[in-house]
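Just below is one structure, and these are the notes that go with it.
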Amino acid sequence: MRLTQQTNYAVRALMYCAVNPDKPSKVADIAASFDMSETHLFKIMKVLVDANLIKTIRGRNGGVMLARPAEDITVGEVVRAAEESFLLAECFDSGRKDCPLILSCGFNGLLHEALEAFMDVLNTKSIADLSEDRFGMRDLLKIDVAKTPIAANA
């Protein structure tokens, strides 16, 4: 099975937000970090917002953040939200009736079982699991981790 570019970008955008949980991430910064089209990423963000994976923060200091803790977002959930189709073969499409074996073919059932096993594995990992090396990833993604100075007590 080959996942689409949309799914790849969706997972990467969520990982970016997971390693930058303290402030909203700019879509432009995410796109630049992964050398992806900002326009395309905005379309993916709509899918992620609709799936309650990302929330948007409006205003001058706005951007996007995870809608839930990274530990609660499984990779399988992201894949299901981002992929438009899981038709592994033409016979997965219930509207197609051009194969004479459609009602008794073991291939279709086998592919359904394989897809279920694939999703089961993806459901075992969360975005947090993929983002465990938070500080290393921040460095690689060039995320500014400068902290606001703590005011000195007078």
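Here the sequence shown is numbered in my numbering, starting from 12 and rising by one per residue. Even glycine gets a Cβ: it sits at the ideal position worked out from N, Cα and C. From a predicted model like this one, the values you see are computed outputs, not experimental measurements.
DSSP three-state call for T85: helix, strand or coil? In the sequence shown, residue 85 corresponds to position 74, counting from 1. Here T85 sits in strand by DSSP.
Answer yes if the stretch 38–51 comes into contact with the stretch 19–30, meaning at least three C-beta pairs across the two stretches below 8 Å, and no otherwise. yes
What residue does the beta strand (DSSP E) around I154 start on, and which one ends it? Looking up residue 154 in the sequence shown gives position 143. Where I154 is concerned, there is no enclosing beta strand (DSSP E), given that its DSSP letter is neither H nor E.
As a quick exercise: from K136, S142, E95, L151, pick the residue whose alpha carbon is nearest that of T15. The count along the sequence shown starts at 1 and reaches residue 15 at position 4. Closest by alpha carbon: E95.
Taking just the CA atoms, how far does I55 sit from F118? Counting from 1 along the sequence shown, the entry for residue 118 is found at position 107. Counting from 1 along the sequence shown, the entry for residue 55 is found at position 44. Near 33 Å, if we compare the C-alpha coordinates of I55 and F118.
Could you check which residue in N72, V86, I65 has the C-alpha nearest to that of R79? One-based indexing of the sequence shown puts residue 79 at position 68. Measuring from the Cα of R79, the nearest candidate turns out to be I65.
DSSP three-state call for H51: helix, strand or coil? Here residue 51 refers to the residue found at position 40 of the sequence shown. Reduced to three states, the DSSP call for H51 is helix.
Using the three-state DSSP reduction, which class does G120 fall into: helix, strand or coil? Indexing the sequence shown from 1 puts residue 120 at position 109. Reduced to three states, the DSSP call for G120 is helix.
Collapsed DSSP secondary structure at M130 in the structure displayed: Numbered from its first residue, the sequence shown carries residue 130 at position 119. Of the three classes helix, strand and coil, the one that applies to M130 here is helix, per DSSP.
Segment contact, 8 Å Cβ cut-off, at least three pairs: the stretch 123–131 with the stretch 68–76: no
Looking only at its own chain, which residues have a Cβ that is under 6 Å from the Cβ of V90, when we skip the five neighbours before and after it? In the sequence shown, residue 90 corresponds to position 79, counting from 1. Here the set comprises T18, L133.
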